[in-house]
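Residue numbers (full-length UniProt numbering): 1 to 287.
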């Protein structure tokens, strides 16, 4: 069996009392006892409602919230990341692990050109500016941005939402990382553009042998993308299984609720749509 490139074991994340917004006594645990691994080239979907701990888990991998308290282990290629210094993490971010953040409308700096922002991960690693821009145009072209070389001097406001997301993806992939963390990458995009973005992520994963951690609250969009689905509920992992098995026979009532609340085209319009709460009268076993 292939060894995982990323291995998370018994991860717990707490917000210390001093950092809690609005006060509150004691530390607040937002992720507890999480185990998750990703193998080379594997696409894993981390699914759950807003507030379940998905994004906090993703940001913990890259140590983006230094004010939080972490326990457990996050190992990348066998090397422990929890407790790693900022200098080590800066070398890792972008070159080995990249992240796409939620909203393409706000992920880009409006006063910097597209070329500057896509080329930046290479420039900060010592690549000459001209070469970095050349490779930026190549990456944008691979991701389907028309007239990519000409548009390097354009600004984010001149791009549609779908094109901005392609730009964000280009910046994340230009340094050829081995793991891409995509945090709700289809937020604020219409259904057709969502499909295009998902197709791009799958295509780049295959082309670059790229591992993907795909974070979403929408279980409906992961069936054609993920090899495996991990479901989070209230900061805990409650199910982690191959995608086909999970959809055919969900074990936890929360997973059944996520699946059962997906609208169906063949449903009776007069019938009330079920909610996750309808399935949560009793909580089943975790993973």
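A virtual CB, placed ideally from N, CA and C, is assigned to each residue, including glycine.
- For residue 143, the CB contacts under 7 Å within the same chain, skipping 5 residues up- and downstream, are 166, 169, 170, 200 in chain order.
- Distances from the CA of residue 254 to each of 99, 264, 279, 95 were compared; the closest alpha carbon is that of 279.
- The count of Cβ pairs closer than 8 Å, one atom from the stretch 68-86 and one from the stretch 106-126, stays below three, leaving the stretches out of contact.
- Taking the Cα of residue 82 as reference, the smallest distance to any Cα among 95, 57, 94 is reached at 57.
- If you look at residue 118, you'll find it in the alpha helix (DSSP H) that goes 114-123.
- In the three-state scheme derived from DSSP, where H, G and I count as helix and E and B as strand, residue 97 is classed as strand.
- A direct Cα-Cα distance of roughly 33 Å separates residue 105 from residue 256.
- For residue 214, the enclosing beta strand (DSSP E) starts and ends at 211-216.
- As the crow flies, the alpha-carbon of residue 36 is around 19 Å from that of residue 218.
- Distance from the CA of residue 39 to the CA of residue 87, rounded to the nearest whole angstrom, comes to 26 Å.
- By the Cβ-count criterion, residue 147 is exposed, with fewer than 16 other Cβ atoms from all chains shown falling within 10 Å of its own Cβ.
- Of the other Cβ atoms in all chains shown, fewer than 16 fall within 10 Å of the Cβ of residue 191; this residue is therefore exposed.
- In this structure, the alpha-carbon of residue 64 lies about 43 Å from that of residue 267.
- Cα atoms of residue 67 and residue 16: separation of roughly 8 Å, rounded to the nearest angstrom.
- Where residue 168 is concerned, the enclosing alpha helix (DSSP H) starts and stops at 161-173.
- Bridge partners of residue 8 according to DSSP: 36, 74.
- Between the alpha carbons of residue 261 and residue 240 lies a gap of roughly 19 Å.
- By the C-beta density criterion, residue 164 is buried, having at least 16 other C-beta atoms within 10 angstroms.
- Counting every other CB atom within 10 Å of its CB across the protein chains shown gives residue 153 a total below 16, marking it as exposed.
- Cβ neighbours of residue 129 within its own chain (closer than 8 Å, five residues either side excluded): 119, 123.
- Between residue 212 and residue 243, the beta carbon gap of about 13 Å keeps them out of contact (Cβ cut-off 8 Å).
- Only residues of its own chain outside the window of five on either side were considered, and among them 121, 175, 177 have a CB closer than 7 Å to the CB of residue 94, listed in chain order.
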